[in-house]
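Residue numbers (the numbering used here): 7 to 361. No residue lacks a Cβ here, since even glycine has one placed at the ideal position from N, Cα and C. All of these numbers come straight from a predicted model, not from anything done at the bench. Below you'll find the structure, written out as structure tokens, and then a few comments.
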Ligand code: NAD
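Structure, rendered in structure tokens:
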């Protein structure tokens, strides 16, 4: 098969880690008989410098002409101060999610066996969970207001709203993913306080009757945050709304020990899906051959699994990463004191050699 991939290399370490991921894709293409055609797309800080806005006109259309999008990371201190939304890199991230209809954010947090010691918590079950975060609704997208009243002074509000349809489509994603994995789904809400959560729970229970093979549980968000630290091995798939998912997915990431290892996928009902490492542009190490490319390489594995339905190719990448880690190769972010450290290019090369 021939696949068209949009590459948004972005800023900081983005081009370095995407570069290694592309070479891995090409190695997979050779091994399994696929071809990949790449289109470079300008977005983020570099786009501000070159065309005056972080999300140039036509970006969404160029992405829609492709089968999937691979993003490095955008942003950096150089572009952190403008109040003009066109000149802020995050504007591009929110716009592309909305324009491509990417309502489901899948964030796996798996502890790679070779790095079990990096987990800061006591755990004997291993960690292999997937957070499914709603990405285009809730309080981040609700009406915002700022006003002054005579008796209370300045006041601000952010509206949190969810529709039945929005909850149902993300809930269904949660159940479907649980079916493909360990058949356990936890839905996180705050139904003791929030009306949006009470509707969320009502819809989730209705969906639950369609998935009797999936073991389902409601957990309040405060308890979920606690359980993630207490016993992360108990979770398989966790589905939740935008803000709770934002916070819990970062918490889950950190308990696996390294930000440089974790991939993510953002998908909607139609192609293209968008795949990216969870880390940012790491300006402190950009251009120094220090970045760990594994998160981006594992994002390609997610692309193969979720956009192209190529689970064998996805597994080949994941196995190659584990094989290199099992041999003891480490980039600086995952090395213990005194361990030999390799760079971005060498890590990419070793992973390709295993393919
Ligand atoms: P960051 O993830 O870029 O860096 C946090 C720390 O982790 C740094 O010390 C960095 O060196 C390290 N790190 C990150 N990725 C690594 C990798 N692959 N290998 C080795 N070490 C790695 O987060 P930050 O410093 O808060 O943000 C930097 C910039 O990135 C900001 O402008 C922020 O807005 C942007 N950002 C972009 C995205 C995105 O594009 N989706 C996401 C998060 C942050």
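### Task
For the beta strand (DSSP E) holding residue 283, just list the boundary residues, first then last.
Reading the chain shown from its first residue, position 277 is the one you call residue 283. Its beta strand (DSSP E) spans residues 279 to 283.
#### Entry: Alpha-carbon to alpha-carbon, residue 75 and residue 257
The residue labelled residue 257 in the question sits at position 251 within the chain shown. The residue labelled residue 75 in the question sits at position 69 within the chain shown. Answer to the nearest angstrom: the Cα atoms are 26 angstroms apart.
### Query
Can you tell which of 337, 148, 303 and 239 has its C-alpha closest to the C-alpha of residue 33?
Counting from 1 along the chain shown, the entry for residue 33 is found at position 27. Nearest C-alpha to residue 33: 303.
### Query
From this set, 360, 359, 358 and 331, which residue's C-alpha is nearest residue 346's C-alpha?
Along the chain shown, read from residue 1 onward, the residue named residue 346 stands at position 340. Nearest neighbour of residue 346 by Cα position, chosen from 360, 359, 358 and 331, turns out to be 331.
### Task
Find the nearest neighbour of residue 139 within the set 276, 9, 265 and 249, judged by alpha-carbon distance.
Here residue 139 corresponds to residue number 133 of the chain shown, with the count starting at 1. Taking only the C-alpha atoms, the option nearest residue 139 is 249.
### Query
Which residue spans inside the stretch 286 to 313 form an unbroken beta strand (DSSP E) run of at least 3?
The beta strand (DSSP E) runs lying completely inside the stretch 286 to 313 and spanning 3 residues or more number zero.
### Task
Verify whether the separation of the beta carbon atoms of residue 142 and residue 103 is less than 8 angstroms.
Counted from its first residue, the chain shown places residue 142 at position 136. Counted from its first residue, the chain shown places residue 103 at position 97. The answer is yes: Cβ separation under 8 angstroms.
### Query
If you follow the alpha helix (DSSP H) that residue 210 is part of, which residue opens it and which one closes it?
Here residue 210 corresponds to residue number 204 of the chain shown, with the count starting at 1. For residue 210, the enclosing alpha helix (DSSP H) begins and ends at 201 to 214.
### Query
In chain order, which continuous runs of the beta strand (DSSP E) of length 3 or greater are located wholly inside the stretch 155 to 186?
If we require 3 residues or more, the beta strand (DSSP E) runs fully inside the stretch 155 to 186 come out as 159 to 164.
### Query
Would you say residue 111 touches the ligand NAD, meaning its beta carbon is less than 7 angstroms from a heavy atom?
By one-based count along the chain shown, residue 111 stands at place 105. Residue 111: no, Cβ never under 7 angstroms from the ligand NAD.
#### Entry: Closest by C-alpha distance to residue 229, when choosing among 195, 205, 260 and 252
For the purposes of this step, residue 229 is identified with residue 223 of the chain shown, where counting begins at 1. When only C-alpha atoms are compared, the closest one is 195.
### Query
When the Cα atoms are used, what is the spatial distance from residue 203 to residue 291?
For the purposes of this step, residue 203 is identified with residue 197 of the chain shown, where counting begins at 1. For the purposes of this step, residue 291 is identified with residue 285 of the chain shown, where counting begins at 1. Cα-Cα distance, rounded: 41 angstroms.
### Task
Check whether the Cβ atoms of residue 30 and residue 78 sit closer than 8 angstroms, and answer yes or no.
Along the chain shown, read from residue 1 onward, the residue named residue 30 stands at position 24. Along the chain shown, read from residue 1 onward, the residue named residue 78 stands at position 72. Contact annotation: residue 30 and residue 78 have beta-carbon atoms that are not nearer than 8 angstroms.
### Task
Express the C-alpha separation of residue 360 and residue 326 in angstroms, rounding to a whole number.
The residue you call residue 326 lines up with position 320 of the chain shown. The residue you call residue 360 lines up with position 354 of the chain shown. The C-alpha of residue 326 lies about 5 angstroms from the C-alpha of residue 360.
### Query
What's the gap between the Cα of residue 50 and the Cα of residue 90?
Indexing the chain shown from 1 puts residue 50 at position 44. Indexing the chain shown from 1 puts residue 90 at position 84. The alpha-carbon atoms of residue 50 and residue 90 are separated by roughly 14 angstroms.
### Cβ-Cβ separation, residue 110 to residue 137 (assumed contact under 8 angstroms), whole Å
Numbered from its first residue, the chain shown carries residue 137 at position 131. Numbered from its first residue, the chain shown carries residue 110 at position 104. Actually they are not in contact, since the Cβ atoms of residue 137 and residue 110 sit about 11 angstroms apart, beyond 8 angstroms.
### Query
Residue range of the beta strand (DSSP E) that residue 262 falls in?
On the chain shown, residue 262 is found 256 positions in, with the first residue counted as 1. Element bounds for residue 262: n/a, residue is neither H nor E.
### Query
Distance, Cα to Cα, residue 255 vs residue 239?
Taking the first residue of the chain shown as 1, we reach residue 255 at position 249. Taking the first residue of the chain shown as 1, we reach residue 239 at position 233. Approximately 15 angstroms between the Cα atoms of the pair.
#### Entry: Check whether residue 284 and residue 175 have beta carbons under 8 angstroms apart
Residue 284 sits at position 278 when you count from the first residue of the chain shown. Residue 175 sits at position 169 when you count from the first residue of the chain shown. Not a contact, by the Cβ cut-off of 8 angstroms.
### Task
Give the secondary structure of residue 6 by DSSP, where H, G and I count as helix, E and B as strand, and everything else as coil.
The requested residue 6 does not occur in the structure, where the chain is confined to residues 7 to 361.
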